[in-house]
Amino acid sequence: MSLQRPPLWQIIKPHLVVFDGALSLILFLLLSVGIVTLYSAGMNFPGRVEDQLRNILIAFIVMWIAANVSPQTLLRFAVPVYTVGVTLLIAVALFGIVKKGSRRWLNIGMVVQPSEIMKIAMPLMLAWYFQKREGLLRWHVFLIACLLLIVPAGLIIRQPDLGTGLLVLAAGFYVIFFAGLSWKVLVGLAIAGAASLPVVWSVMHDYQRQRVMMLIDPTSDPLGKGFHIIQSTIAIGSGGITGKGWLMGTQTHLEFIPERTTDFIFSVYSEEFGLIGNLVLLLLYLLLIGRGMLITANAPTLFTRLLAGAITMIFFTYAFVNMGMVSGILPVVGVPLPFMSYGGTALVTLGLGAGILMSIQRHRKLVQT
0 MSLQRPPLWQ IIKPHLVVFD GALSLILFLL LSVGIVTLYS AGMNFPGRVE DQLRNILIAF
60 IVMWIAANVS PQTLLRFAVP VYTVGVTLLI AVALFGIVKK GSRRWLNIGM VVQPSEIMKI
120 AMPLMLAWYF QKREGLLRWH VFLIACLLLI VPAGLIIRQP DLGTGLLVLA AGFYVIFFAG
180 LSWKVLVGLA IAGAASLPVV WSVMHDYQRQ RVMMLIDPTS DPLGKGFHII QSTIAIGSGG
240 ITGKGWLMGT QTHLEFIPER TTDFIFSVYS EEFGLIGNLV LLLLYLLLIG RGMLITANAP
300 TLFTRLLAGA ITMIFFTYAF VNMGMVSGIL PVVGVPLPFM SYGGTALVTL GLGAGILMSI
360 QRHRKLVQT
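In numbering that gives the first Met the number 0, the protein residues as written are 0 to 368.
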């Protein structure tokens, strides 16, 4: 008597239950909006949509792998991943490849950008650090945490890569804040930061100063440094309430918007879908952040709470900084719009973060059952 094979669904189901339904739906909608917008933005760039679909597939695989890794395993790998990341950053400073005046890449048989590793390695390390000191949080614990954060962030900013450096700083800060950093310390840090602005200005690179000046008055150099932001804000404003319609953006297709498939894709979206489209997009990001915060609130350990909270706030930081710089309320720092901008590295990093959130949610359910 031959054994009956189980139904196909029963074979596939164990491999799919690792995905969080609500989070997966939100990501699917964001990626779909991104592909639709990229199709319009990249009409003069053959192969962009196909490349992005490949990037999405790679990010999906990374997300699936991360969702299958238990938080306990992540805890064990926190220190090695952080150590490797910092070591590679030091190697970049000593032997890195220079492109367009920046030393950000390292050839280890293949060209890699180690700063991307720290976007996840940083919150992973600090979450491990605070987990090991749960119940013993004193001022010196937070001081050491700040040192663990400042070293890699400083190496990244020195490359120079201000955008990635700020993202790594933000990721680490969120962990320290969620661990219980006093509001008095935060106020003190804010005052100290404001007082140090003249020093910061003096050590900034010329292009960084120019970006700040263009934020204040982009019309001072309308055909040069201010061109990006002027054309971007024109595109956003010209979209009106309902937008000009898909594939109908004049600023986009007359090639006035720079970097329209990457950092400035929000300008393309705003011109074609208008205020209503922007409200829908903001709602999707709010749902993404809300779902991440719900996972954070229900996480069973300090490590998973800190890690989930930091990853969720990284999503928020990506979206806020990108929309802010494209809209002219923040300096241009080269931060992509999450799950929409063209590019493989950022998308894989974001997919890894989403997979970790799904792992935390899944293993919480396993503990409860």
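The beta-carbon is built from N, C-alpha and C at its ideal position, and this holds for glycine as well.
Everything numeric in this text was worked out from a predicted model, so none of it was measured.
### Message
If I measure Cβ to Cβ from A65 and keep anything under 7 Å in the same chain, skipping five residues before and after, which residues do I get?
### Response
Sequence-distant partners of A65 (beyond 5 residues in either direction) whose C-beta falls short of 7 Å from its own C-beta, in its chain, are L351, G354, I355 and S358.
### Message
Does the contact criterion of 3 or more C-beta pairs under 8 Å hold for the region 242 to 258 versus the region 38 to 53?
### Response
Contact holds: three or more Cβ-Cβ distances are below 8 Å.
### Message
Only counting the same chain, and skipping five residues up and downstream in sequence, which positions put a Cβ closer than 6 Å to that of L214?
### Response
Correct list, in chain order: P330.
### Query
Rounded to a whole number of angstroms, what is the C-alpha to C-alpha distance between R259 and S266?
Those two C-alpha atoms are separated by around 7 Å.
### Task
Give the DSSP-derived three-state secondary structure of I107 in the structure shown.
Residue state, collapsed to three classes: coil.
### Query
In whole angstroms, what separates the C-alpha of F18 from that of V186?
So the two alpha carbons sit approximately 40 Å from each other.
### Task
Using alpha carbons as the reference points, say which of L188, E115 and T344 lies closest to C145.
Comparing C-alpha distances from C145 to each of L188, E115 and T344 shows the shortest one belongs to L188.
#### Entry: I240 versus E271: straight-line alpha-carbon distance, rounded
When rounded, the separation of the alpha-carbon atoms in I240 and E271 is 10 Å.
### Message
Suppose contacts are defined by Cβ-Cβ distances below 8 Å. Is L280 in contact with Y268 by that definition?
### Response
Closer than 8 Å, so yes.
### Query
Does DSSP classify V97 as helix, strand or coil?
Here V97 sits in strand by DSSP.
### Message
Counting C-beta neighbours from all protein chains within 10 Å, is the total for P335 16 or more, i.e. buried, or is it exposed?
### Response
Buried.
### Task
Answer yes or no: do D220 and S340 have a C-beta to C-beta separation smaller than 8 Å?
No, these two residues do not count as a Cβ contact at 8 Å.
#### Entry: Short Cβ contact (8 Å threshold) for V48 with I60
No, Cβ-Cβ distance for V48 and I60 is not below 8 Å.
### Task
Mind checking who R102 pairs with in its DSSP beta bridge?
V97, per the DSSP bridge assignment.
### Query
Quick one: what does DSSP say Q230 is sitting in, helix, strand or coil?
If DSSP states are grouped into helix, strand and coil, Q230 belongs with the helices.
### Message
Runs of 4 residues minimum, wholly inside the region 278 to 358: which ones carry the alpha helix (DSSP H) assignment?
### Response
Segments of the alpha helix (DSSP H) lying fully in the region 278 to 358: 301 to 326.
### Own chain, CB closer than 6 Å to Q158, minus 5 neighbours either side, in chain order
For Q158, where only same-chain residues beyond five positions count, the Cβ hits under 6 Å are S101, R102 and R103.
#### Entry: 8 Å contact criterion, which T371 and R304 should meet: CB distance rounded
Any answer about residue 371 is impossible in this case: the structure gives the chain only from 0 up to 368.
### Query
For the 8 Å Cβ check, are there 3 or more pairs between the region 137 to 144 and the region 114 to 121?
Flag = no, the region 137 to 144 and the region 114 to 121 do not touch.
### Task
Look at Q209 and Q230 and say whether their C-beta atoms are less than 8 Å apart.
Cβ atoms of Q209 and Q230: not closer than 8 Å.
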